[in-house]
Amino acid sequence: MMGGNAGNKPALLVDGKRVDGRGVEDLRNVKIVARVLNDADGSAYIEWGKNKILAGVYGPSECIPRHDQSLYRSVVKCRYNMAPFSGMEEHGRSGPNRRSKELSKVIKEAFENVIISESYPKTQIEIYLEVLQSDGGTRCAAVTAAAVALADAGIPMKDMVNAVAVCKIDGKMAVDPGKEEDNFGESDMPIAFSPRTGDVLLFQMDGLLTPDELAEGFRLARNASGKLREIQVAAIRKVYDEPREERFLVIEKKQ
Amino acid sequence: MEPINEIKRDSLQAFLSAGRRADNRGMYDYRKIVVQPGILQNADGSAIVSIGKSQVMAGIKFDIAKPFPDRPKEGVLSTSAELLPLASHLFEIGPPSDESIELARVVDRGIRSANIIDLSSFFIEEDKVLAVYIDVFILDHDGNLIDAASLGAMAALLAARMPKVEKGKIIRGEYTGRLPLKDKVVTCTFGKLGERIFLDPTLDEEKGMDCRLTLATTPVHLCAAQKGGWGAFSEKDVLELTNVSLEKGKELRALLPDL
């Protein structure tokens, strides 16, 4: 997803263990905190491995500019953006690029499926995703956080949404590739699900897969999606079970 | 002026003439400030700072760059600020607004003019120097973004580590120690409505006030200033507020990591 195949490829799977010690079915650690911003109607912060992403949602509010309006539904808008300091490598350029525009589009389309937008004609729902630190799999983490922010904003949805990628490493399918697996793996396939119906809302893929490998990839991803849903629901519950007076973003210091 | 701002102005006026503020703060009191330095791993330095309900994140990145032609032996310092659309319904997607450019330049000016970073130590070889990028991300807007942004930038610089440079290249993820800094620069921003002056304006206060004055200080000097808004300050105001800023600066510096 993020980088090329430059450099020497390390062994990615040794005795069923991956470079970071996970098995092929294991997700990295995922932590979600909902309602971390004051002005946004809904917000969520996700830590997924070393990914750190902030999602903020506004709406439904009057759709501006007016020529974007629909008489029949609320217009969903999405911006996925990476901070210039988010990567391991050099200082990035701020502002949209071809990659971030594509991701904004496919993420928006995934949410158009589940948001009950017919209830709010002439309005817009804005989803803003800020990648503060990237570690492979930012689009999946961003989708997972965005769904929690939408729920926090009280926007009616048919279902929760979450996403996870699967990869092929040293000839075997594995869930949730880390940065190294992303760079050196043989295939990468991010998928967003509507967990209740099983519908596939975002689907991208590169690399070479046989039909059997594809099926195994889906099995791994669905399994992970179920675990993600529990984490998402717990994050929303916590807002009401343990209400906080002050909303602010707390990031635990590591290493 | 929008009608809503007219209303905010009236309510601010009413509070101030009673010698009070809407949140019961004193005229020269800050809201609650929380500083979290060093919270990112990929950035070379980072921090989150909140002042009341305003939140900012700052990230530091080092790169190799070409020096400016007029300063061939000096490193490059570059500051930018982004008013993220998730921070406020007032912010829109698009090229940097006038407000974000002013914000970045005021933060930059304080740090630059106090010479707290020794840019001459950033020289690597002919036509090759280190560049330090300070990126300020506004996450939540409830007024006084300037003080929040400069406190965030300063906290991130204090948490920053110097990258290892070998054969003219940065070895990512390896560091030689902390970024040496000479002083802690902090800013104090005051709002003024009529003859009343108050520190750390909230967004509601900003909407109603006539003008603002930002004073950046080292422990002993005034090192940068910016006046904004259509109203006016007297010379006496400026002198008096400089003393207040030097005094308040002590409180702000105590919240930051040690030099």
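From first to last, the protein sequence lines stand for chains A and B. If you read the first sequence in the working numbering, its first letter stands for residue 4, the second for the next number, and so on. If you read the second sequence in the working numbering, its first letter stands for residue 1114, the second for the next number, and so on. The beta carbon of each residue, even a glycine, is placed where N, CA and C say it ideally should be. Note that this is a predicted model, so its numbers are computed, not measured.
Proximity test, Cβ basis, 8 angstroms: residue i and chain A
i         : result
B:Leu1153 : yes
B:Val1249 : no
B:Pro1371 : Correcting the residue type first, residue 1371 of chain B is Asp in the shown sequence and not Pro. Not closer than 8 angstroms to any Cβ of chain A, the Cβ of B:Asp1371 fails to qualify, so no.
B:Glu1318 : no
B:Lys1166 : yes
B:Asp1136 : no
B:Ile1161 : yes
B:Ala1261 : no
B:Tyr1246 : yes
B:Arg1285 : yes
B:Val1147 : yes
B:Met1140 : no
B:Ala1156 : yes
B:Met1170 : yes
B:His1202 : yes
B:His1254 : yes
B:Ile1206 : yes
Beta bridge counterpart(s) of residue i as assigned by DSSP
i         : result
B:Cys1324 : B:Lys1305, B:Gly1342
B:Lys1241 : B:Glu1238
B:Met1275 : B:Gly1290
A:Gly220  : Answer is none; A:Gly220 lacks a bridge partner.
A:Asn226  : The partner list for A:Asn226 (beta bridge, DSSP) is empty, contrary to what the question assumes.
A:Met85   : A:Val134
B:Ile1283 : B:Val1278
A:Asp18   : Answer is none; A:Asp18 lacks a bridge partner.
A:Gly210  : A:Ser190
B:His1248 : Position check: residue 1248 of chain B holds Asp in this sequence, whereas His was assumed. Paired residue(s): B:Gly1172, B:Ser1193.
A:Phe196  : A:Asn165, A:Val203
Pair within 8 angstroms by beta-carbon distance, residue i and residue j
i         : j         : result
B:Leu1326 : B:Leu1292 : no
A:Leu211  : A:Ser190  : yes
A:Leu153  : A:Val60   : yes
B:Gly1265 : B:Met1170 : yes
A:Ser120  : A:Asn54   : no
B:Asp1248 : B:Gly1172 : yes
A:Leu30   : A:Asp179  : yes
A:Val33   : A:Ile234  : yes
A:Lys80   : A:Ile130  : yes
B:Val1299 : B:Ile1237 : no
B:Ile1230 : B:Leu1294 : yes
A:Val27   : A:Lys175  : yes
A:Tyr83   : A:Leu132  : yes
A:Ala195  : A:Ala113  : yes
B:Asn1257 : B:Ile1164 : yes
Residue-chain proximity (residue i, chain B), Cβ-Cβ < 8 angstroms
i        : result
A:Phe251 : yes
A:Ala86  : yes
A:Gly6   : Here the model assigns A:Gly6 a pLDDT of 45, short of 50, so the residue's position is not dependable and the matter cannot be decided.
A:Lys257 : yes
A:Glu37  : Per the sequence shown, the amino acid found at residue 37 of chain A is Ala instead of Glu. Judged by the 8 angstroms Cβ criterion, A:Ala37 is not in contact with chain B.
A:Gly26  : no
A:Leu57  : yes
A:His94  : yes
A:Asn41  : yes
A:Ile254 : yes
A:Lys53  : yes
A:Leu135 : yes
A:Ser103 : no
A:Gly140 : no
A:Tyr268 : Residue 268 of chain A falls outside the range modelled here, since chain A spans only 4 to 258, and no answer is possible.
A:Arg247 : no
A:Tyr61  : yes
A:Gly229 : no
Endpoints, beta strand (DSSP E) assigned at residue i
i         : result
B:Gln1168 : 1167-1178
B:Leu1196 : 1189-1196
A:Tyr131  : 126-136
A:Asp202  : 202-206
Enclosing alpha helix (DSSP H) for residue i [first to last residue]
i         : result
A:Ala113  : 101-117
B:Glu1224 : The amino acid occupying residue 1224 of chain B in the given sequence is Ile; Glu does not appear at that position. 1211-1226 is the span of the alpha helix (DSSP H), which, as asked, contains B:Ile1224.
B:Arg1366 : 1348-1368
TODO: At 3 residues or longer, and completely inside the segment 21-78 of chain A: list those beta strand (DSSP E) runs for me, N to C.
DONE: 33-37, 45-51, 54-65
TODO: Residues of the segment 1172-1200 of chain B with a CB closer than 9 angstroms to any CB of chain D: list them in chain order, please.
DONE: No chain D is part of this structure, whose protein chains are labelled A and B.
- [ ] Just list the alpha helix (DSSP H) runs in the segment 142-194 of chain A, keeping only unbroken ones of 4 residues or longer that don't cross its boundaries, in chain order.
- [x] 182-187
Task: 4-residue-minimum alpha helix (DSSP H) runs that sit fully inside the segment 1115-1170 of chain B, ordered along the chain - done: 1116-1130
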